[in-house]
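Peer 1:
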Amino acid sequence: MSEADQADILTPPEQEVAPAPAAPPEEFPFVTLPPQVSFATGGVMPPSEVYLGTNDWLTLQAWTSISGLELRLFLRVLRADGQIIQCAYDYWPQPLPATNAWTVNVPEGFLLGGFVGVGGTCPTGGCYIRLNLGAGSWGGAGPAQVLLKGYVPTNGPLSWPYPRHQNPVEGPGRLRRIKGTDPGPGNIIMEYVPSGTRWKLISLFCTFTTSATAGNRAVYLYFLDSLGLWLAVPPGVLQPASSVAYYTWSIGVQNYTPAVALYYAMPLPADLYLQAGADIMVAASGMQAGDDFSAPQLLVEEWVEP
Amino acid sequence: MTTKLKCGTCGGTYQPIQADGLRYFHACPPVYDPVTKVSQERPDRRDENIIVDGASRSVGIRAEGKGAVAVEVAPEL
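Top to bottom, those sequences are chains A and B.
The first sequence begins at 271 in my numbering and counts up one residue at a time.
The second sequence begins at 33 in my numbering and counts up one residue at a time.
1) Does the segment 378-385 of chain A touch the segment 358-368 of chain A, meaning 3 or more C-beta pairs lie closer than 8 Å?
2) Under 7 Å Cβ-Cβ, which residues of chain B neighbour L368 (chain A)?
3) What do you reckon, are the CB atoms on S555 (chain A) and P66 (chain B) nearer than 8 Å?
4) Please report the distance separating the alpha-carbon of E319 (chain A) from that of D360 (chain A).
5) Leaving out five residues before and five after G485 (chain A) in sequence, what residues of the same chain have Cβ atoms less than 8 Å from its Cβ?
6) Should D85 (chain B) go down as buried or exposed, given a rule of 16 or more other Cβ atoms within 10 Å for buried?
7) Nearest to R342 (chain A) by CA position, among A:P423, A:G522, A:L322, A:M315, is which residue?
8) List in chain order: all unbroken beta strand (DSSP E) runs of 3+ residues lying wholly within the segment 296-384 of chain A.
9) Of the residues that make up the segment 446-459 of chain A, which ones have a beta carbon closer than 8 Å to any beta carbon in chain B?
10) Kindly list, in the order they appear in chain B, the residues whose Cβ is closer than 7 Å to that of E335 (chain A).
11) So that I know if they touch, is there some Cβ in chain A lying closer than 8 Å to that of Y45 (chain B)?
12) Please state whether DSSP places Y432 (chain A) in a helix, a strand or coil.
13) Rounding to the nearest angstrom, what Cα-Cα distance links I472 (chain A) and A531 (chain A) in this structure?
14) Where does the unbroken beta strand (DSSP E) through D52 (chain B) begin, and where does it stop?
15) Listed in chain order, which residues of the segment 546-563 of chain A have Cβ atoms closer than 7 Å to some Cβ of chain B?
16) For Q436 (chain A), collect the residues of the same chain with a Cβ closer than 7 Å to its Cβ; drop the 5 residues on either side in sequence, then sort them by chain order.
17) Which residues in the same chain as S337 (chain A) place their Cβ atom closer than 7 Å to its Cβ, once the five residues preceding and following it in sequence are excluded?
18) On the premise that P566 (chain A) lies in contact with E461 (chain A), defined as a C-beta separation below 8 Å, what is that separation, rounded to the nearest angstrom?
19) Is the CB of P62 (chain B) under 8 Å away from at least one CB in chain A?
20) Answer yes or no: does any C-beta atom of chain B fall closer than 8 Å to that of P421 (chain A)?
21) Around the C-beta of D326 (chain A), are 16 or more other C-beta atoms found within 10 angstroms, so that it is buried, or is it exposed?
22) Would you say A102 (chain B) lies against chain A (beta-carbon separation less than 8 Å)?
23) For the beta strand (DSSP E) that contains M557 (chain A), what are its first and last residues?
24) Count the C-beta pairs between the segment 500-519 of chain A and the segment 36-49 of chain B that are closer than 8 Å, then say yes if the count reaches three, no if not.
25) Am I right that Y517 (chain A) and C476 (chain A) are in contact with their C-beta atoms under 8 Å? What's the rounded C-beta distance?
26) Candidates A:L345, A:T479, A:P317: which alpha carbon is nearest L403 (chain A)'s?
27) Mind checking the segment 68-83 of chain B against chain A and listing, in chain order, the residues whose C-beta falls within less than 7 Å of any C-beta there?
28) What three-state label does DSSP hand S512 (chain A) in the structure shown?
29) For F57 (chain B), name the three-state secondary structure that DSSP assigns.
30) Looking at chain B, is there any beta carbon in it that lies within less than 8 Å of the beta carbon of P464 (chain A)?
31) Go to K98 (chain B), then tell me how far its beta strand (DSSP E) extends in each direction, as first and last residue.
32) So for P282 (chain A), helix, strand or coil by DSSP?
33) Between the Cα of S564 (chain A) and the Cα atoms of A:A540, A:T451, A:M315, A:Q353, which residue gives the shortest distance?
34) Quick check on V514 (chain A): buried or exposed, where buried means 16 or more other Cβ atoms within 10 Å of its Cβ?
35) For a contact meaning CB atoms closer than 9 Å, what does A95 (chain B) contact in chain A?
36) Given this structure, state the Cα-to-Cα distance separating E378 (chain A) from G389 (chain A), to the nearest angstrom.
Structure (structure tokens):
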């Protein structure tokens with residue numbers, strides 16, 4: 271390095287008043303810091319691999335199952351005049367099945383870093399985001415680069431650079447206990463995977479009360495979709511009239527005759543993934559008008575699936 | 033706050049807000065014939081799953097059916 275270059279780096283900047291920054295675009299709150307050091311600008315590596323041009327923009331997309339969640343986007347940009355701009359944005363996404371998208375016009379300069387975090391509690395699987403960098407005229411060309419995507423955890427934001435990109439159904443989802451609809455006498459249980467989500471069914475419990483009308487009942491668990499029935503779990507036992515039985519379908523159990531009467535357990539496939547709209551049905555052959563299922567109790571692992 | 037609703041179409045009761053604070057989207061079960069094991073969609077079926085417009089804004093539920101009425105309301109604190 272020549273003496274002149276060293277002097278460029280080591281010599282403190284002259285104490286002169288920094289030029290006033292250009293008027294910011296609307297909806298772009300930021301603060302600026304006058305530069306305390308100066309840098310050589312010729313023949314050196316750029317400070318970041320992402321340079322934001324005058325027509326570039328960022329789009330934050332979000333999908334969440336949580337109402338009232340606050341999302342925070344924070345950016346640091348080094349402008350050509352040496353000033354570092356810190357930008358902070360707050361958003362309140364609508365819950366599923368809405369797709370939320372906000373576009374931010376960014377100032378010209380090097381993107382030094384940024385993150386997306388949440389205000390409040392957001393369990394894993396609760397909010398999936400994607401931060402895109404778009405190149406070209408405002409509103410014209412589509413995204414040119416994905417800077418961030420993944421679930422936003424409560425205890426640590428997703429950060430750029432060096433993020434780990436994650437697909438929405440990757441990794442563990444959110445554990446949920448759901449109490450379904452109590453169908454009333456003579457009706458069957460039917461639960462549906464809600465729009466914009468994917469479930470892994472871990473267990474399902476319900477009771478079945480049979481009327482005095484004679485005859486055995488056989489309680490089945492069915493899985494259906496728009497193409498029809500695709501999986502049936504038959505019972506290991508028959509339930510008589512005038513009785514109350516307790517049914518559990520769960521991963522990790524075998525179909526067995528219980529030691530305690532009328533407590534029945536049936537198996538579920540280990541990786542039973544169900545997409546939005548899939549039906550979970552409990553019905554009984556031999557069912558009578560006075561027979562009554564309780565509200566089903568489900569344990570599911572849930573992901574956001576845009 | 034309403035803690036339990038009764039569907040006007042199928043008569044099923046459900047909690048619109050679950051214990052974890054998230055919404056539950058009731059949809060009526062079909063009418064099931066235990067002899068033929070054939071299920072048939074219920075007339076005026078209620079389906080509370082959300083439909084969205086082209087801009088992904090919620091614009092309502094899929095099917096209103098015969099509505100739902102509150103059968104259990106949490107006492108005011």
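Even glycine gets a Cβ: it sits at the ideal position worked out from N, Cα and C.
Peer 2: Result, derived from the coordinates:
1) no
2) Taking the first sequence and counting its residues from 1, one reaches residue 368 (chain A) at position 98. Leu is not the amino acid found at residue 368 (chain A); the sequence shown has Ala there. The answer, in chain order, is V84, S88, R89, S90.
3) In the first sequence, counting from the first residue as 1, residue 555 (chain A) sits at position 285. In the second sequence, counting from the first residue as 1, residue 66 (chain B) sits at position 34. Against a cut-off of 8 Å, the Cβ pair of P66 (chain B) and S555 (chain A) comes out as a contact.
4) Numbered from 1 along the first sequence, position 49 holds the residue referred to as residue 319 (chain A). Numbered from 1 along the first sequence, position 90 holds the residue referred to as residue 360 (chain A). Those two C-alpha atoms are separated by around 26 Å.
5) Start at 1 with the first residue of the first sequence, and residue 485 (chain A) comes out as number 215. Around G485 (chain A): A511, G556, Q558.
6) Along the second sequence, read from residue 1 onward, the residue named residue 85 (chain B) stands at position 53. With fewer than 16 Cβ atoms within 10 Å of its Cβ, D85 (chain B) is classed as exposed.
7) Stepping through the first sequence from its first residue, residue 342 (chain A) is reached at position 72. That would be A:P423, whose Cα lies nearest to the Cα of R342 (chain A).
8) 300-303, 327-334, 340-348, 354-361, 370-375
9) R446, R447, I448, K449, G450, T451, D452, P453, G454, N457, I458, I459
10) Working through the first sequence from its first residue, we reach residue 335 (chain A) at position 65. Inspection of the sequence shows that residue 335 (chain A) is occupied by Ser rather than by Glu. Going along chain B in sequence order, the residues near S335 (chain A) (Cβ under 7 Å) are L54.
11) Walking along the second sequence from the start, residue 45 (chain B) turns up at place 13. Note that residue 45 (chain B) is Thr in the sequence shown here, rather than Tyr. Answer yes: the Cβ-Cβ gap between T45 (chain B) and chain A drops below 8 Å somewhere.
12) As a working note, residue 432 (chain A) is residue 162 in the first sequence. Of the three classes helix, strand and coil, the one that applies to Y432 (chain A) here is coil, per DSSP.
13) In the first sequence, residue 472 (chain A) corresponds to position 202, counting from 1. In the first sequence, residue 531 (chain A) corresponds to position 261, counting from 1. Roughly 24 Å between the two C-alpha positions.
14) Counted from its first residue, the second sequence places residue 52 (chain B) at position 20. No beta strand (DSSP E) holds D52 (chain B); DSSP gives it neither H nor E.
15) A553, A554, S555, G556, M557
16) For this step, residue 436 (chain A) is matched to residue 166 along the first sequence. For Q436 (chain A), where only same-chain residues beyond five positions count, the Cβ hits under 7 Å are K419, G420, Y421.
17) As a position in the first sequence, residue 337 (chain A) is number 67, starting the count at 1. Excluding positions up to five away in sequence, the list reads P365.
18) As a working mapping, residue 461 (chain A) is identified with position 191 in the first sequence. As a working mapping, residue 566 (chain A) is identified with position 296 in the first sequence. That belief holds up - the Cβ atoms of E461 (chain A) and P566 (chain A) are roughly 6 Å apart, short of 8 Å.
19) For the purposes of this step, residue 62 (chain B) is identified with residue 30 of the second sequence, where counting begins at 1. At least one chain A Cβ lies under 8 Å of P62 (chain B).
20) As a working note, residue 421 (chain A) is residue 151 in the first sequence. The identity of residue 421 (chain A) in the sequence shown is Tyr, whereas the question assumes Pro. Closer than 8 Å to the CB of Y421 (chain A) there is not a single CB belonging to chain B.
21) In the first sequence, the residue the question calls residue 326 (chain A) occupies position 56. By the neighbour-count rule (16 or more Cβ atoms within 10 Å), D326 (chain A) is buried.
22) Here residue 102 (chain B) refers to the residue found at position 70 of the second sequence. Not closer than 8 Å to any Cβ of chain A, the Cβ of A102 (chain B) fails to qualify, so no.
23) Translated into the one-based positions of the first sequence, residue 557 (chain A) becomes position 287. For M557 (chain A), no beta strand (DSSP E) encloses it, and the DSSP letter there is neither H nor E.
24) no
25) Looking up residue 517 (chain A) in the first sequence gives position 247. Looking up residue 476 (chain A) in the first sequence gives position 206. Between C476 (chain A) and Y517 (chain A) the Cβ distance is about 6 Å, and since that is below 8 Å, they are a contact.
26) Here residue 403 (chain A) refers to the residue found at position 133 of the first sequence. The option with the nearest alpha carbon to L403 (chain A) is A:L345.
27) K69, N81, I82
28) Position 242 of the first sequence, counted from the start, is the residue given in the question as residue 512 (chain A). S512 (chain A): coil per DSSP, three-state reduction.
29) Within the second sequence, numbered from 1, the residue matching residue 57 (chain B) stands at position 25. Coil at F57 (chain B), not helix or strand.
30) Counting from one through the first sequence, the residue named residue 464 (chain A) turns up at place 194. Interface residue, yes.
31) Numbered from its first residue, the second sequence carries residue 98 (chain B) at position 66. Note, K98 (chain B): premise wrong, no beta strand (DSSP E); not H, not E.
32) The sequence position of residue 282 (chain A) within the first sequence is 12, counting from 1. Note that P282 (chain A) has pLDDT 48, beneath the 50 cutoff, so the model's placement of it is unreliable and the number below is only indicative. If DSSP states are grouped into helix, strand and coil, P282 (chain A) belongs with coil.
33) Reading the first sequence from its first residue, position 294 is the one you call residue 564 (chain A). The shortest C-alpha separation from S564 (chain A) is found at A:T451.
34) Reading the first sequence from its first residue, position 244 is the one you call residue 514 (chain A). Exposed: under 16 other Cβ atoms inside 10 Å.
35) Indexing the second sequence from 1 puts residue 95 (chain B) at position 63. Those within 9 Å of A95 (chain B) in chain A number zero; the least Cβ separation is about 12 Å.
36) To locate residue 378 (chain A), count along the first sequence from 1; it is residue 108. To locate residue 389 (chain A), count along the first sequence from 1; it is residue 119. Cα to Cα, the separation comes out at about 28 Å.
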